[in-house]
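Per the numbering used here, residue 7 is the first one in the sequence shown, and the count goes up by one each step.
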Amino acid sequence: MTRMTYLNTRLCVASIVAGVMALASPGAQAAWTLNMTPGITALSRQIYGLHMLMFWWCVGIAIAVFGFMIYSMVRFRKSAGAVADTKLLHSTRVEVIWTVVPVLILISMAVPAARTLVETENSVGSQLTIRVTGYQWKWGYEYVGSGVTVLSTLDHDSDRARELQSGIDPFTVKNYLLGVDHPLVVPAGVKVRLLITGQDVIHSWWMPALAIKKDAIPGFINEAWFEIDADKTGLYRGQCAELCGRDHGFMPIVIDVRSKSDFEQWLREAKQAMPAPTASTVPAVLPAAQAHG
7 MTRMTYLNTR
17 LCVASIVAGV
27 MALASPGAQA
37 AWTLNMTPGI
47 TALSRQIYGL
57 HMLMFWWCVG
67 IAIAVFGFMI
77 YSMVRFRKSA
87 GAVADTKLLH
97 STRVEVIWTV
107 VPVLILISMA
117 VPAARTLVET
127 ENSVGSQLTI
137 RVTGYQWKWG
147 YEYVGSGVTV
157 LSTLDHDSDR
167 ARELQSGIDP
177 FTVKNYLLGV
187 DHPLVVPAGV
197 KVRLLITGQD
207 VIHSWWMPAL
217 AIKKDAIPGF
227 INEAWFEIDA
237 DKTGLYRGQC
247 AELCGRDHGF
257 MPIVIDVRSK
267 SDFEQWLREA
277 KQAMPAPTAS
287 TVPAVLPAAQ
297 AHG
(Lines of atoms letter the chains of each structure in order from A and count residues from 1; the text may use other names and numbers.)
(Lines give C-alpha, C1' and ligand atoms only; values in the text may rest on other atoms or scores of the structure.)
Protein backbone atom coordinates (compact mmCIF):
# COMPACT_ATOMS: atom_id res chain seq x y z
CA MET A 1 0.00 0.00 0.00
CA THR A 2 1.46 3.35 -1.02
CA ARG A 3 1.58 6.29 1.37
CA MET A 4 -1.05 8.16 -0.70
CA THR A 5 -3.43 5.19 -0.60
CA TYR A 6 -2.90 4.87 3.15
CA LEU A 7 -3.68 8.56 3.71
CA ASN A 8 -6.78 8.39 1.50
CA THR A 9 -8.01 5.35 3.42
CA ARG A 10 -7.56 7.11 6.77
CA LEU A 11 -9.34 10.18 5.42
CA CYS A 12 -12.32 8.12 4.25
CA VAL A 13 -12.58 6.32 7.60
CA ALA A 14 -12.38 9.62 9.48
CA SER A 15 -15.13 11.11 7.28
CA ILE A 16 -17.40 8.12 7.87
CA VAL A 17 -16.87 8.25 11.64
CA ALA A 18 -17.53 12.00 11.70
CA GLY A 19 -20.71 11.52 9.69
CA VAL A 20 -22.00 8.78 11.98
CA MET A 21 -21.26 10.87 15.08
CA ALA A 22 -23.02 13.89 13.56
CA LEU A 23 -26.12 11.87 12.71
CA ALA A 24 -26.13 10.38 16.20
CA SER A 25 -26.34 13.81 17.84
CA PRO A 26 -29.76 14.94 19.17
CA GLY A 27 -29.84 17.91 16.79
CA ALA A 28 -29.32 15.72 13.74
CA GLN A 29 -31.94 13.23 14.89
CA ALA A 30 -34.43 16.07 15.22
CA ALA A 31 -33.63 17.43 11.77
CA TRP A 32 -33.35 14.20 9.80
CA THR A 33 -36.35 12.07 8.88
CA LEU A 34 -35.74 9.16 6.55
CA ASN A 35 -39.35 8.24 5.87
CA MET A 36 -42.70 9.81 5.08
CA THR A 37 -44.93 10.95 7.92
CA PRO A 38 -48.34 9.25 8.38
CA GLY A 39 -49.77 12.76 8.55
CA ILE A 40 -52.91 14.13 10.18
CA THR A 41 -55.60 13.13 7.67
CA ALA A 42 -57.13 9.84 6.63
CA LEU A 43 -55.87 10.37 3.08
CA SER A 44 -52.31 11.10 4.22
CA ARG A 45 -52.29 7.84 6.18
CA GLN A 46 -53.61 6.04 3.12
CA ILE A 47 -50.76 7.48 1.06
CA TYR A 48 -48.29 6.49 3.79
CA GLY A 49 -49.65 2.93 3.80
CA LEU A 50 -49.28 2.76 0.02
CA HIS A 51 -45.72 4.01 0.31
CA MET A 52 -44.88 1.35 2.91
CA LEU A 53 -46.51 -1.39 0.81
CA MET A 54 -44.24 -0.56 -2.13
CA PHE A 55 -41.24 -0.14 0.16
CA TRP A 56 -41.61 -3.64 1.62
CA TRP A 57 -42.19 -5.14 -1.83
CA CYS A 58 -38.88 -3.56 -2.91
CA VAL A 59 -37.15 -4.89 0.21
CA GLY A 60 -38.48 -8.40 -0.45
CA ILE A 61 -37.45 -8.31 -4.10
CA ALA A 62 -33.98 -7.05 -3.17
CA ILE A 63 -33.52 -9.82 -0.61
CA ALA A 64 -34.61 -12.50 -3.09
CA VAL A 65 -32.58 -11.20 -6.04
CA PHE A 66 -29.36 -10.30 -4.21
CA GLY A 67 -29.62 -13.37 -1.99
CA PHE A 68 -29.80 -15.62 -5.03
CA MET A 69 -26.93 -13.74 -6.68
CA ILE A 70 -24.70 -14.06 -3.62
CA TYR A 71 -25.59 -17.73 -3.18
CA SER A 72 -24.81 -18.43 -6.84
CA MET A 73 -21.47 -16.64 -6.73
CA VAL A 74 -20.40 -18.49 -3.57
CA ARG A 75 -21.84 -21.92 -4.37
CA PHE A 76 -20.75 -22.08 -8.01
CA ARG A 77 -17.41 -20.27 -7.90
CA LYS A 78 -14.57 -21.52 -10.02
CA SER A 79 -12.23 -22.00 -7.05
CA ALA A 80 -14.70 -24.54 -5.60
CA GLY A 81 -14.52 -26.60 -8.77
CA ALA A 82 -17.77 -25.44 -10.38
CA VAL A 83 -18.04 -26.04 -14.14
CA ALA A 84 -20.30 -23.98 -16.39
CA ASP A 85 -23.36 -25.81 -17.75
CA THR A 86 -23.37 -25.29 -21.53
CA LYS A 87 -26.49 -27.41 -22.18
CA LEU A 88 -29.18 -25.43 -20.29
CA LEU A 89 -30.03 -22.73 -22.84
CA HIS A 90 -33.80 -22.28 -22.28
CA SER A 91 -36.46 -23.02 -19.67
CA THR A 92 -40.11 -22.23 -20.38
CA ARG A 93 -41.05 -22.79 -16.75
CA VAL A 94 -38.51 -20.24 -15.49
CA GLU A 95 -39.61 -17.66 -18.06
CA VAL A 96 -43.28 -18.12 -17.08
CA ILE A 97 -42.40 -17.70 -13.39
CA TRP A 98 -40.35 -14.53 -13.83
CA THR A 99 -43.11 -13.07 -16.02
CA VAL A 100 -46.16 -13.98 -13.92
CA VAL A 101 -44.69 -13.08 -10.51
CA PRO A 102 -43.72 -9.48 -11.47
CA VAL A 103 -47.14 -8.97 -13.10
CA LEU A 104 -48.88 -10.04 -9.89
CA ILE A 105 -46.64 -7.74 -7.85
CA LEU A 106 -47.39 -4.80 -10.15
CA ILE A 107 -51.15 -5.47 -9.93
CA SER A 108 -50.95 -5.55 -6.12
CA MET A 109 -49.32 -2.11 -6.30
CA ALA A 110 -51.35 -0.58 -9.14
CA VAL A 111 -54.84 -1.26 -7.78
CA PRO A 112 -54.46 0.54 -4.43
CA ALA A 113 -52.32 3.25 -6.08
CA ALA A 114 -55.02 4.00 -8.66
CA ARG A 115 -57.68 4.06 -5.94
CA THR A 116 -55.65 6.50 -3.84
CA LEU A 117 -54.80 8.69 -6.85
CA VAL A 118 -58.48 9.07 -7.70
CA GLU A 119 -59.26 9.95 -4.07
CA THR A 120 -56.63 12.72 -4.00
CA GLU A 121 -58.53 14.52 -6.79
CA ASN A 122 -61.97 14.16 -5.23
CA SER A 123 -62.72 17.56 -3.68
CA VAL A 124 -66.49 17.08 -3.92
CA GLY A 125 -68.27 18.09 -0.74
CA SER A 126 -65.65 20.59 0.44
CA GLN A 127 -66.99 23.09 2.98
CA LEU A 128 -64.26 25.72 2.77
CA THR A 129 -62.23 26.98 -0.19
CA ILE A 130 -58.89 28.75 0.21
CA ARG A 131 -56.95 30.31 -2.65
CA VAL A 132 -53.19 29.88 -2.15
CA THR A 133 -50.88 32.23 -4.09
CA GLY A 134 -47.10 31.98 -4.16
CA TYR A 135 -45.09 35.19 -4.30
CA GLN A 136 -41.37 35.93 -4.23
CA TRP A 137 -40.98 35.11 -1.36
CA LYS A 138 -44.14 34.70 0.66
CA TRP A 139 -47.55 33.03 0.58
CA GLY A 140 -50.96 34.68 0.21
CA TYR A 141 -54.14 33.01 1.49
CA GLU A 142 -57.65 34.10 0.51
CA TYR A 143 -60.64 32.56 2.26
CA VAL A 144 -62.98 32.54 -0.71
CA GLY A 145 -66.35 34.14 -0.05
CA SER A 146 -65.38 35.61 3.32
CA GLY A 147 -63.31 38.62 2.29
CA VAL A 148 -60.42 37.50 4.53
CA THR A 149 -56.92 37.49 3.06
CA VAL A 150 -53.64 36.80 4.83
CA LEU A 151 -50.04 37.38 3.75
CA SER A 152 -47.63 34.89 5.33
CA THR A 153 -43.91 35.73 5.44
CA LEU A 154 -40.83 34.47 7.29
CA ASP A 155 -40.97 35.30 11.00
CA HIS A 156 -38.94 38.25 12.26
CA ASP A 157 -36.44 36.26 14.37
CA SER A 158 -35.48 33.93 11.51
CA ASP A 159 -35.30 36.86 9.09
CA ARG A 160 -32.82 38.68 11.33
CA ALA A 161 -30.68 35.59 12.04
CA ARG A 162 -30.33 34.67 8.37
CA GLU A 163 -28.67 37.97 7.48
CA LEU A 164 -24.90 37.99 7.00
CA GLN A 165 -22.96 39.20 10.03
CA SER A 166 -26.15 39.41 12.08
CA GLY A 167 -24.30 38.09 15.12
CA ILE A 168 -27.23 35.79 15.93
CA ASP A 169 -26.65 32.06 16.27
CA PRO A 170 -29.37 30.37 14.16
CA PHE A 171 -29.41 27.44 16.59
CA THR A 172 -30.80 29.79 19.25
CA VAL A 173 -33.79 30.71 17.10
CA LYS A 174 -36.84 28.53 17.65
CA ASN A 175 -38.08 26.91 14.41
CA TYR A 176 -35.35 28.66 12.43
CA LEU A 177 -36.55 29.27 8.83
CA LEU A 178 -39.72 27.29 9.59
CA GLY A 179 -41.77 29.99 11.33
CA VAL A 180 -44.03 32.66 9.84
CA ASP A 181 -45.67 35.83 11.07
CA HIS A 182 -49.17 34.80 9.95
CA PRO A 183 -49.94 31.08 9.48
CA LEU A 184 -52.75 29.57 7.45
CA VAL A 185 -55.55 29.01 9.97
CA VAL A 186 -57.75 26.02 9.12
CA PRO A 187 -60.45 24.04 10.94
CA ALA A 188 -60.15 20.40 11.97
CA GLY A 189 -62.91 18.01 10.90
CA VAL A 190 -63.82 20.13 7.85
CA LYS A 191 -63.12 19.27 4.21
CA VAL A 192 -61.03 22.12 2.83
CA ARG A 193 -60.30 22.73 -0.86
CA LEU A 194 -57.13 24.54 -1.92
CA LEU A 195 -56.82 26.45 -5.20
CA ILE A 196 -53.07 26.88 -5.68
CA THR A 197 -51.47 29.32 -8.13
CA GLY A 198 -48.46 31.62 -8.50
CA GLN A 199 -48.16 35.37 -8.98
CA ASP A 200 -44.67 35.65 -10.50
CA VAL A 201 -42.66 32.41 -10.89
CA ILE A 202 -43.32 28.73 -10.16
CA HIS A 203 -43.50 27.87 -6.47
CA SER A 204 -44.62 24.64 -4.79
CA TRP A 205 -46.88 24.37 -1.71
CA TRP A 206 -45.56 21.40 0.27
CA MET A 207 -47.11 20.33 3.57
CA PRO A 208 -45.86 16.85 4.64
CA ALA A 209 -48.46 16.48 7.41
CA LEU A 210 -51.20 16.73 4.76
CA ALA A 211 -49.36 14.68 2.10
CA ILE A 212 -49.84 17.63 -0.27
CA LYS A 213 -47.26 18.98 -2.68
CA LYS A 214 -48.73 21.08 -5.48
CA ASP A 215 -46.96 23.46 -7.84
CA ALA A 216 -48.09 27.09 -7.78
CA ILE A 217 -47.86 28.09 -11.45
CA PRO A 218 -48.71 31.59 -12.72
CA GLY A 219 -51.77 31.48 -14.96
CA PHE A 220 -52.80 28.00 -13.78
CA ILE A 221 -54.75 26.72 -10.80
CA ASN A 222 -53.91 23.39 -9.19
CA GLU A 223 -56.42 21.86 -6.81
CA ALA A 224 -55.93 19.89 -3.61
CA TRP A 225 -58.01 19.07 -0.57
CA PHE A 226 -57.68 17.81 2.98
CA GLU A 227 -59.78 16.99 6.02
CA ILE A 228 -57.77 17.04 9.23
CA ASP A 229 -58.67 14.71 12.10
CA ALA A 230 -60.65 16.47 14.81
CA ASP A 231 -58.04 15.69 17.47
CA LYS A 232 -55.03 16.97 15.48
CA THR A 233 -55.15 20.66 16.36
CA GLY A 234 -51.84 22.52 16.56
CA LEU A 235 -49.10 23.92 14.33
CA TYR A 236 -47.67 22.01 11.36
CA ARG A 237 -44.85 23.15 9.10
CA GLY A 238 -43.87 22.85 5.46
CA GLN A 239 -41.87 24.73 2.84
CA CYS A 240 -41.79 25.87 -0.76
CA ALA A 241 -40.44 22.87 -2.68
CA GLU A 242 -39.69 24.55 -6.02
CA LEU A 243 -36.54 26.62 -6.60
CA CYS A 244 -38.09 30.06 -7.11
CA GLY A 245 -35.25 32.56 -6.68
CA ARG A 246 -32.59 33.77 -4.28
CA ASP A 247 -34.85 33.64 -1.18
CA HIS A 248 -36.46 30.31 -2.01
CA GLY A 249 -35.25 28.82 1.28
CA PHE A 250 -36.93 31.59 3.28
CA MET A 251 -40.62 31.08 2.48
CA PRO A 252 -41.87 28.41 4.91
CA ILE A 253 -45.46 27.28 5.32
CA VAL A 254 -47.22 26.99 8.67
CA ILE A 255 -50.79 25.81 9.19
CA ASP A 256 -52.59 26.51 12.45
CA VAL A 257 -55.20 23.78 12.92
CA ARG A 258 -58.04 24.79 15.24
CA SER A 259 -61.34 23.33 16.33
CA LYS A 260 -64.41 24.35 14.31
CA SER A 261 -65.63 26.79 16.93
CA ASP A 262 -62.20 28.39 17.39
CA PHE A 263 -61.78 28.71 13.63
CA GLU A 264 -65.19 30.33 13.18
CA GLN A 265 -64.38 32.83 15.93
CA TRP A 266 -60.98 33.58 14.33
CA LEU A 267 -62.62 34.07 10.93
CA ARG A 268 -65.16 36.53 12.36
CA GLU A 269 -62.43 38.52 14.10
CA ALA A 270 -60.20 38.45 11.01
CA LYS A 271 -63.06 39.69 8.84
CA GLN A 272 -63.69 42.61 11.19
CA ALA A 273 -59.97 43.47 11.22
CA MET A 274 -59.64 43.55 7.43
CA PRO A 275 -58.97 47.02 5.98
CA ALA A 276 -61.18 48.51 3.30
CA PRO A 277 -60.75 46.88 -0.14
CA THR A 278 -58.05 48.37 -2.37
CA ALA A 279 -56.95 47.87 -5.95
CA SER A 280 -53.85 46.00 -4.79
CA THR A 281 -53.63 42.34 -5.78
CA VAL A 282 -51.41 41.51 -2.81
CA PRO A 283 -53.33 40.21 0.23
CA ALA A 284 -53.54 42.53 3.19
CA VAL A 285 -51.78 41.63 6.42
CA LEU A 286 -53.69 40.94 9.61
CA PRO A 287 -52.73 42.96 12.69
CA ALA A 288 -49.72 41.59 14.55
CA ALA A 289 -51.86 40.85 17.60
CA GLN A 290 -53.56 38.05 15.67
CA ALA A 291 -50.37 36.36 14.52
CA HIS A 292 -49.69 32.76 15.55
CA GLY A 293 -46.13 31.79 14.47
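Glycine included, every Cβ here is placed at the ideal spot set by N, Cα and C. Please read all numbers here as calculations on a predicted model, not as lab measurements.
Going by beta carbons, residue 184 and residue 252 fall outside the 8 Å limit. Taking 8 Å as the cut-off, the Cβ atoms of residue 258 and residue 179 do not count as close.
Residue range 258-264 is occupied by the beta strand (DSSP E) that includes residue 262, with no alpha helix (DSSP H) assigned at that position. DSSP places residue 232 inside the beta strand (DSSP E), whose first and last residues are 228-233.
Contact holds between the segment 129-141 and the segment 199-219, because three or more Cβ pairs, one in each stretch, are under 8 Å apart. Collapsing the DSSP output to three states places residue 182 in coil. Taking a C-beta distance under 8 Å as the contact criterion, residue 157 and residue 188 qualify as a contact pair. Counting other Cβ atoms within 10 Å of its Cβ, residue 224 stays below 16 and is therefore classed as exposed. Distance check between residue 261 and each of 254, 207, 198 and 248 places 198 closest, using alpha-carbon atoms only. Membership of residue 64 in the alpha helix (DSSP H) is indicated by the continuous run 48-81.
Cα atoms of residue 106 and residue 231: separation of roughly 38 Å, rounded to the nearest angstrom. Here DSSP, grouped into helix, strand and coil, assigns residue 113 to helix. CA-CA distance, residue 263 to residue 238, rounds to 7 Å. In the structure shown, residue 255 adopts helical secondary structure according to DSSP, grouped into three states.
Within 10 angstroms of the beta-carbon of residue 116 lie fewer than 16 other beta-carbons, which makes it exposed. For residue 143, the three-state secondary structure derived from DSSP is coil. Cα atoms of residue 203 and residue 82: separation of roughly 60 Å, rounded to the nearest angstrom. Annotation note: the segment 195-226 contains the following uninterrupted beta strand (DSSP E) runs of length 3 or greater, listed N- to C-terminal: 197-204, 209-213 and 218-222. Counting along the chain, residue 164 sits inside the alpha helix (DSSP H) bounded by residues 162-167.
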